[in-house]
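According to the UniProt record's numbering, the stretch in the sequence shown is residues 1 to 280, in order.
Have a look at the structure below, then the notes.
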Amino acid sequence: MIETLRNILIALTKRLDDETPSSALAYGLSLAERSQARVTVQAISVRLVVPNAWISRFVGMVVAAENQRLRSLAQAAAERARSDAAAAGILCTTETEHLPYDRLLASFSRQARLHDVVVIDAEPRMLTSDRGLIETLLFESGRPLIVVPPGCESFTARRVLIAWDGSAQAARAMHDALPFLRQAEHVEIVSVVGEKDLSHSVPGAEAAPCLAHHGVAVTVTDLPAADGDVAGALRRHATEAQADMIVMGAFVHSLLREMVLGGVTQDMLRSCPVPLLMAH
């Protein structure tokens, strides 16, 4: 049992009219069952808002009808989640958020702060066109985020990789992952070398004793970055090592005083073979 997890937030962010099951829901409920945690499921839909000066009465009616459709889909998704949780014997609260985009981000971030971890689907199309929700959760919630790729519907963390570059973000992610690392059978600290100067960072070999003090047995591996492709090196190694989870810090760049995800972080979010636990 994962003893320190008590409250899990699951975000249903897939297109609500998509009949493909949410991997985040199945994975999050499986995690809750393993940890005997309670769950909050939020079915999220964006309320369309068009300035009155720009719309005719007909357009207003169309927008209102679409908002009603989205609200109904969110309610149906929440009801399905409630039914799945009840079938698994999991204490579950469901909520539907139907707000304008900026208010939706703020509301969900506040809710995330009241939970131990957030579970969300990996949606490459959403991440390509709009990473607002992911960025808000990482930078403003103060909570770790598990991004679940399609098809990963059962929680397991027997073999865990820690993507390590000695940064504060990597250290934060490693600490937030301790509930999973303590119960893992194999934990590997992986540093991708040759892509950037790591001489002033904490080596993986020095991070290993920190985990050992928590009862975590660790191996340390250095990987070459072929053509500077850090994300590709991590993905290949995760597949070869049959990893169940990758732990990594969320890296950012400052652009016009706005925080945006770094390149490796974006690449891993777009394509990762296993659930990705991230923290900032």
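Here a beta-carbon is modelled for each residue, glycine too, at the ideal position from N, C-alpha and C.
Here D121 carries a strand assignment [DSSP, helix/strand/coil].
Separation of P273 and L70 (C-alpha to C-alpha, rounded to the nearest whole angstrom) is 31 Å.
The alpha-carbon separation between L181 and E66 amounts to approximately 44 Å. For C92, the enclosing beta strand (DSSP E) starts and ends at 92-99. Taking Q242 as reference, the option from I10, H98, R158 with the minimal CA-CA separation is R158. By the Cβ criterion, the stretch 231-249 is in contact with the stretch 183-193, since at least three pairs of Cβ atoms, one from each stretch, lie closer than 8 Å. Q42: member of the beta strand (DSSP E) spanning 38-46, first to last residue.
DSSP, reduced to helix, strand and coil, places I246 within a strand of the structure shown. Under the 8 Å Cβ criterion, the stretch 222-229 does not count as touching the stretch 141-150, having fewer than three qualifying pairs. Scanning its chain for C-beta atoms nearer than 7 Å, with the 5 sequence neighbours on each side dropped, one finds around A37 the residues L5, R6, N7, I8, in chain order. For D222, the beta-bridge partners assigned by DSSP are S191. Contact between G166 and P209 does not hold, since their C-beta atoms are separated by about 14 Å, which reaches or exceeds 8 Å. Taking the Cα of A88 as reference, the smallest distance to any Cα among D102, P100, S35, A122 is reached at S35. Between A207 and the set A233, W164, G215, the nearest pair of CA atoms involves W164.
At least 8 Å separates the beta-carbon of S22 from that of S154. Within its own chain, the residues whose Cβ lies closer than 7 Å to the Cβ of L104, once the five positions on either side in sequence are excluded, are I44, V46, E97, listed in chain order. Separation of V216 and C152 (C-alpha to C-alpha, rounded to the nearest whole angstrom) is 25 Å. Boundaries of the beta strand (DSSP E) around V160: 159-163.
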